[in-house]
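Residue numbers (the numbering used here), protein chains in the order written: chain A, 49 to 161; chain B, 14 to 123.
Even glycine gets a Cβ: it sits at the ideal position worked out from N, Cα and C.
These numbers were taken from a predicted model, which means no experiment stands behind them.
Working notes, beginning with the structure itself.
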Amino acid sequence: EAGVAQSPRYKIIEKRQSVAFWCNPISGHATLYWYQQILGQGPKLLIQFQNNGVVDDSQLPKDRFSAERLKGVDSTLKIQPAKLEDSAVYLCASIGKGGYEQYFGPGTRLTVT
Amino acid sequence: SQQGEEDPQALSIQEGENATMNCSYKTSINNLQWYRQNSGRGLVHLILIRSNEREKHSGRLRVTLDTSKKSSSLLITASRAADTASYFCATDAGGTALIFGKGTTLSVSS
Chain A
49 EAGVAQSPRY KIIEKRQSVA FWCNPISGHA TLYWYQQILG QGPKLLIQFQ NNGVVDDSQL
109 PKDRFSAERL KGVDSTLKIQ PAKLEDSAVY LCASIGKGGY EQYFGPGTRL TVT
Chain B
14 SQQGEEDPQA LSIQEGENAT MNCSYKTSIN NLQWYRQNSG RGLVHLILIR SNEREKHSGR
74 LRVTLDTSKK SSSLLITASR AADTASYFCA TDAGGTALIF GKGTTLSVSS
């Protein structure tokens with residue numbers, strides 16, 4: 049089966065610009081996660097979706113970050129405006145029904161200058 | 014906030030040696046997972062151990078869990094150069110979302 053797809057793989061923007069990331073989970077996976085991984089640290093959950101509903105967005109900086117999963121399949125994560133500290137790898141993951149193992153995409157490496 | 018803390022932060026060994034890395038966490042869990050991350054294959058699930066299990070094996074991997082000490086260990090036996098990667102423990106936050114530690118960077122030289 050195809051894995052979790054993410055695009056773009058790399059993005060360089062200047063601070064105060066906006067950026068969007070796209071994720072397509074494994075087919076049939078209802079639960080989708082976005083994580084932020086800063087260099088030298090483990091991934092940190094930003095938001096969790098179950099189908100097209102938000103389960104947990106308690107760690108999402110809502111003043112600048114937004115995410116949606118309108119049809120319960122693919123998802124977009126947006127940052128507007130970006131700050132230098134947003135430089136990180138943004139990982140998308142999905143999980144099958146009743147499962148615990150998360151399947152991660154390759155990530156988008158964001159550099160904010 | 015990060016739940017798990019891996020120890021050591023970095024580990025260098027020779028091929029054929031065993032590698033042990035430890036993880037401590039703060040709150041009660043339902044299960045604990047270990048993931049591996051390298052530049053070639055991204056973040057990949059290795060093994061899951063449930064809170065009512067004490068030890069689990071998968072190929073060259075052995076995981077232990079001590080819920081009384083809130084700690085886990087991952088043993089990789091007969092290490093290979095291909096095992097060079099960062100290893101993370103991850104615990105559930107009550108649901109299925111994971112809280113990751115900072116990771117242990119393992120270097121295996123031939």
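Check, Outcome
"Chain B contacts made by the segment 91–111 of chain A, where a contact means CB separation under 8 Å", "P91, K92, L93, Q96, V103, D104"
"Chain B within 9 Å of E149/A, Cβ atoms only", "yes"
"Segments of 4+ residues assigned as alpha helix (DSSP H) that fall wholly inside the segment 59–122 of chain A", "none"
"Whole-Å CB distance - Y138/A paired with W82/A, under 8 Å assumed", "7 Å"
"Where E159/B falls: helix, strand or coil (DSSP)", "No statement about residue 159/B is possible, as the shown extent of chain B runs from 14 to 123 and does not include it."
"Residue range of the beta strand (DSSP E) that includes L78/B", "74–79"
"Element boundaries [beta strand (DSSP E), containing I143/A]", "136–143"
"Short Cβ contact (9 Å threshold) for L56/B with W47/B", "no"
"Rounded C-alpha distance that separates R75/B from L88/B", "5 Å"
"T159/A beta carbon less than 9 Å from that of Q54/A", "no"
"9 Å Cβ cutoff, Y81/A in contact with chain B", "yes"
"Buried versus exposed, by CB contacts within 10 Å (16 or more), S122/B", "exposed"
"Below-9 Å beta-carbon distance, K115/B vs any chain A residue", "yes"
"9 Å Cβ cutoff met for Y38/B and T104/B", "yes"
"First and last residue of the uninterrupted beta strand (DSSP E) at N51/B", "44–51"
"Length of the line joining the Cα atoms of P21/B and K119/A", "43 Å"
"Proximal residues to E62/A (C-beta, below 6 Å), its chain only, five neighbours per side dropped", "T161"
"CB contact check: T104/B to chain A, cutoff 9 Å", "no"
"Cross-strand partners of E68/B (DSSP beta bridge)", "T77/B"
"Chain-ordered neighbours of A110/B on chain A, where CB pairs are closer than 7 Å", "Y81, L93, Q96, D104"
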